[in-house]
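Residue numbers (the working numbering): 1 to 733. Glycine included, C-beta positions come from ideal geometry on N, C-alpha and C.
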């Protein structure tokens, strides 16, 4: 992919430069010779080339460069033969008479008249040192003309160069025009010009996406990885903390392609008679190139390019990803740069640092902020938490709110200007929060004795903020939906019991309301306060999950949660089948995730906004939040992650990451490489045994305590003279 990109750039550069050159008005002052002439022939420099090779005759230096010119090339006998030349329809070939050529049946060409500035010719099989004089005559439409001459000299044939090392040297000094190429023998005293070699088995260690890590921390982590690779018995590894020059010289064989276009305007016949011809010239050139090492890579592709600059074929990268996890990747540099990754929906739990994991249990309601922050209502302590992208959780609200204890936060959403809306189900209220300020928005009417009046909606749960800032609230007490507009005026948008068992609501970009009912296994679009139409799911329960059909023809097992992305595609969480279904804007349904990896215990589902949406699902009984996203998958790469690296470094420094890094490096390398069999000393085996015993004791503290009691009793009995132990009597009692 990288080489293809370079080729395309070269082609475009040449094409644009040639097209631009055609627009330059000829200026006689730009040329040194024949300034007084309106027409000038320029055939370029003399050519030296092996026999039986192809040369390019270049008349592009002739003047005028724009307009009508004919190019008449004259050749000596037996230099160019008619059967070796490919004629264009506008070319005229004048042969020698057979009696004058002395070449048997083959016809030698005396002259070729063409409108092209370039012609490609095959040189004859003649002895080394043979010289041919070629004459170029150019003429414009008014009959003005000029001539120029060059000498073509045959050098040693290519067959004689097969056992010798040679390179191609551009004879012409012009960087834009290749007049000819000349083989240069590379004698022993000359430095050999060959392509830079890549050591396929060597490993380059590179940090990418260092995040907020300090330079010393980066060096220590790279050093730990380097040391672990050596401990595994691999010696072909570059020390990441060595001195690395910022620029590296390499020899690179480059295939070049040139497109040459000629435009002919024939003024003799018709001013509008225009002919355009296009020549394609291909050649290879060994280029001595200076490339620059990137010390601040953000991707594996950048690291792969760095590795190839070092002459290394294997790459191990590490860095802090966008989810604040430390990722380690191992791959082949060539495969990564030339391979095409696939896009796959993948699932991974949202990682919490150890402190947050101790707080956040039984997550239920969920909201996603534009910056990726999650707002989560936890049933464990009836609190709402804010979880940032650094895996840190802070308490947003809990306990007393506006004079009442928060009993059951069942719905959360974020409105304009960062306003957070929270429903308190068992207090039958809705309030907003901005900073430390709370505002009551919806509360039930009460009698004088404090009891709630009859015939009003109760138990508010799910909340959605529409595109215009209106707030939609689901009341599960009577399956109604209430709208609160920007001026806090209340209206009923879905009357009670039109649909029974509603568990979630969603609003698309057109401000249309949708509801989902697991009781009917359907998603409905609300037309007005008393009318709904099915949008997904069907009444017939055939228990078949069908894809790529109309959503209303596919069965939904137990749909409990819905949400829209920015493109108005609907996502449905199916609790029975553990699936995430998607309904596109055409109403077609597909299974997005879960066929081979069931999502257990779906509670709430919310989708982030933007071009690459992420789906977040709460799983209360699993004490986790699942993240489902469309990610690039690299089949040639092995990878693993270390959770909460910032938390570990903050608590114990980089030293706290040492064992995890070593285990991670070992895992990713063993998947791709055959590591030498590890030979452990007696001391190492003893240390490993002690570590296992210590780990077992930490996992079974009660058993260890009982063991200590028994040992203590045994020691006490021995000190008392070997008296009877305080043990149960022998059987039978």
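Checklist entry - Using CA coordinates, which residue listed in 510, 65 and 81 is at the minimum distance from residue 565? => result Within the chain shown, the letter at position 565 stands for residue 565. The option with the nearest alpha carbon to residue 565 is 510.
Checklist entry - Using the C-alpha atoms, what's the distance from residue 201 back to residue 186? => result Sequence index remark: in the chain shown, residue 186 carries index 186 (1-based). Sequence index remark: in the chain shown, residue 201 carries index 201 (1-based). Note that residue 186 scores a pLDDT of 40, beneath 50, so its modelled location is shaky; the value from the coordinates is reported in the next line. Using only the alpha carbons, I get a separation of about 30 Å.
Checklist entry - Looking only at its own chain, which residues have a Cβ that is under 6 Å from the Cβ of residue 317, when we skip the five neighbours before and after it? => result Position 317 of the chain shown, counting from 1, holds the residue named residue 317. For residue 317, where only same-chain residues beyond five positions count, the Cβ hits under 6 Å are 206, 208, 300, 303 and 329.
Checklist entry - Are there 16 or more other CB atoms within 10 angstroms of the CB of residue 709, so buried, or fewer, so exposed? => result Looking up residue 709 in the chain shown gives position 709. Residue 709 comes out exposed.
Checklist entry - For residue 343, which beta-bridge partners are listed by DSSP? => result Start at 1 with the first residue of the chain shown, and residue 343 comes out as number 343. DSSP, once it has assigned bridges, lists 632 as partnering residue 343.
Next on the checklist: Just to confirm before moving on: does the CB-CB distance between residue 65 and residue 71 stay below 9 Å?
Outcome noted: Here residue 65 is taken as the residue at index 65 of the chain shown, counted from 1. Here residue 71 is taken as the residue at index 71 of the chain shown, counted from 1. The answer is no: Cβ separation not under 9 Å.
Next on the checklist: For residue 783 and residue 484, which I take to be in contact (beta-carbon distance under 8 Å), what is that distance rounded to the nearest angstrom?
Outcome noted: Coverage of the chain is limited to positions 1 through 733, which leaves residue 783 absent and any answer about it impossible.
Item to check | Sequence-distant residues of its chain with Cβ nearer than 7 Å to residue 126 (five each side left out) | outcome: Start at 1 with the first residue of the chain shown, and residue 126 comes out as number 126. Cβ within range, chain order: 51 and 154.
Checklist entry - Cα separation between residue 347 and residue 455? => result In the chain shown, residue 347 corresponds to position 347, counting from 1. In the chain shown, residue 455 corresponds to position 455, counting from 1. Looking at the two C-alpha atoms, the distance is approximately 44 Å.
Checklist entry - Which two residues bound the contiguous alpha helix (DSSP H) that contains residue 370? => result Taking the chain shown and counting its residues from 1, the one referred to as residue 370 is at position 370. Unbroken run through residue 370: none, as it is neither H nor E.
Item to check | Bridge partners - residue 502, DSSP secondary structure assignment | outcome: As a working mapping, residue 502 is identified with position 502 in the chain shown. For residue 502, which the question treats as bridged, DSSP gives no partner whatsoever.
Next on the checklist: Starting from residue 383, trace the alpha helix (DSSP H) in both directions and tell me its first and last residue.
Outcome noted: Locating residue 383 in the chain shown gives position 383, where the first residue counts as 1. Counting along the chain, residue 383 falls outside any alpha helix (DSSP H), though it belongs to the beta strand (DSSP E) covering 383 to 387.
Checklist entry - Starting from residue 325 and walking both ways along the beta strand (DSSP E), at which residues does that stretch end? => result Residue numbering aside, residue 325 sits at position 325 when the chain shown is read from its first letter. Element bounds for residue 325: n/a, residue is neither H nor E.
Next on the checklist: Within a Cβ cutoff of 8 Å, which residues of the same chain sit near residue 735, ignoring the five residues on either side of it in sequence?
Outcome noted: The structure shown does not extend to residue 735, since the chain spans only 1 to 733, so no value can be given for it.
Checklist entry - Which residue comes first and which comes last in the beta strand (DSSP E) that contains residue 93? => result Here residue 93 is taken as the residue at index 93 of the chain shown, counted from 1. From DSSP, the beta strand (DSSP E) with residue 93 extends over 92 to 95.
Checklist entry - Which residues mark the beginning and the end of the alpha helix (DSSP H) in which residue 216 is found? => result Here residue 216 refers to the residue found at position 216 of the chain shown. Residue 216 -> alpha helix (DSSP H) spans 215 to 231.
Next on the checklist: Going by the DSSP bridge assignment, what does residue 577 pair with across the sheet?
Outcome noted: Working through the chain shown from its first residue, we reach residue 577 at position 577. None; residue 577 has no bridge partner.
Next on the checklist: Restricting to runs no shorter than 3 residues, where is the beta strand (DSSP E) found entirely within the stretch 487 to 565?
Outcome noted: 490 to 494, 504 to 507, 513 to 517, 522 to 528, 531 to 536 and 559 to 564
Item to check | Cut-off 6 Å between Cβ atoms - residues of its own chain near residue 307, not counting five sequence neighbours on either side | outcome: Counting from 1 along the chain shown, the entry for residue 307 is found at position 307. Contacts found: 204, 315 and 333.
Checklist entry - What do you get for residue 238, buried or exposed, if any count of 16 or more other CB atoms within 10 angstroms of its CB means buried? => result Along the chain shown, one-based indexing puts residue 238 at 238. Buried, since its Cβ has 16 or more Cβ neighbours within 10 Å.
Checklist entry - With a CB to CB cut of under 7 Å and the five nearest residues on each side skipped, what residues in its chain are close to residue 408? => result Position 408 of the chain shown, counting from 1, holds the residue named residue 408. Taken in chain order, the residues that qualify are 382, 424, 425 and 426.
Item to check | Residue range of the beta strand (DSSP E) that includes residue 58 | outcome: Taking the first residue of the chain shown as 1, we reach residue 58 at position 58. That run of the beta strand (DSSP E) goes 54 to 58.
Item to check | Extent of the continuous alpha helix (DSSP H) to which residue 665 belongs | outcome: Position 665 of the chain shown, counting from 1, holds the residue named residue 665. Element bounds for residue 665: 658 to 672.
Item to check | Member of 42, 48 and 131 whose CA lies at the smallest distance from the CA of residue 138 | outcome: Here residue 138 is taken as the residue at index 138 of the chain shown, counted from 1. The option with the nearest alpha carbon to residue 138 is 42.
Checklist entry - Quick one, which of 462, 490 and 428 has its alpha-carbon nearest residue 507's? => result Position 507 of the chain shown, counted from the start, is the residue given in the question as residue 507. The shortest Cα separation from residue 507 among 462, 490 and 428 belongs to 462.
Item to check | Strand pairing of residue 433, partner residues [DSSP] | outcome: Taking the chain shown and counting its residues from 1, one reaches residue 433 at position 433. Answer by DSSP bridge pairing, in chain order: 420 and 438.
Item to check | Cut-off 8 Å between Cβ atoms - residues of its own chain near residue 736, not counting five sequence neighbours on either side | outcome: Residue 736 cannot be examined here, being either before or after the span of the chain that is shown, 1 to 733.
Checklist entry - If you drop the 5 nearest sequence neighbours on each side, which residues of the same chain put their C-beta closer than 8 Å to that of residue 228? => result The sequence position of residue 228 within the chain shown is 228, counting from 1. 661, 662, 665 and 666.
Next on the checklist: With distance defined between alpha-carbon atoms, name the residue in 482, 521 and 243 nearest to residue 295.
Outcome noted: Along the chain shown, one-based indexing puts residue 295 at 295. Closest by alpha carbon: 243.
Checklist entry - Out of curiosity, what's the CA-to-CA distance linking residue 431 and residue 418? => result The residue you call residue 431 lines up with position 431 of the chain shown. The residue you call residue 418 lines up with position 418 of the chain shown. Answer to the nearest angstrom: the Cα atoms are 14 Å apart.
Next on the checklist: Please report the distance separating the alpha-carbon of residue 197 from that of residue 55.
Outcome noted: Position 197 of the chain shown, counted from the start, is the residue given in the question as residue 197. Position 55 of the chain shown, counted from the start, is the residue given in the question as residue 55. When rounded, the distance between both Cα atoms is 31 Å.
Checklist entry - Are the Cβ atoms of residue 369 and residue 422 separated by less than 9 Å? => result Locating residue 369 in the chain shown gives position 369, where the first residue counts as 1. Locating residue 422 in the chain shown gives position 422, where the first residue counts as 1. No. Outside cutoff.
Checklist entry - Are the stretch 597 to 607 and the stretch 560 to 576 in contact at 8 Å, needing three or more beta carbon pairs? => result yes
Next on the checklist: Just verifying my parser: in three-state terms, what is the DSSP assignment at residue 126?
Outcome noted: As a position in the chain shown, residue 126 is number 126, starting the count at 1. Looking at residue 126 - three-state DSSP - the assignment turns out to be coil, as it is neither helix nor strand.
Item to check | Where residue 429 falls, given that 16 or more other Cβ within 10 Å makes a residue buried | outcome: Taking the chain shown and counting its residues from 1, the one referred to as residue 429 is at position 429. With 16 or more Cβ atoms within 10 Å of its Cβ, residue 429 is classed as buried.
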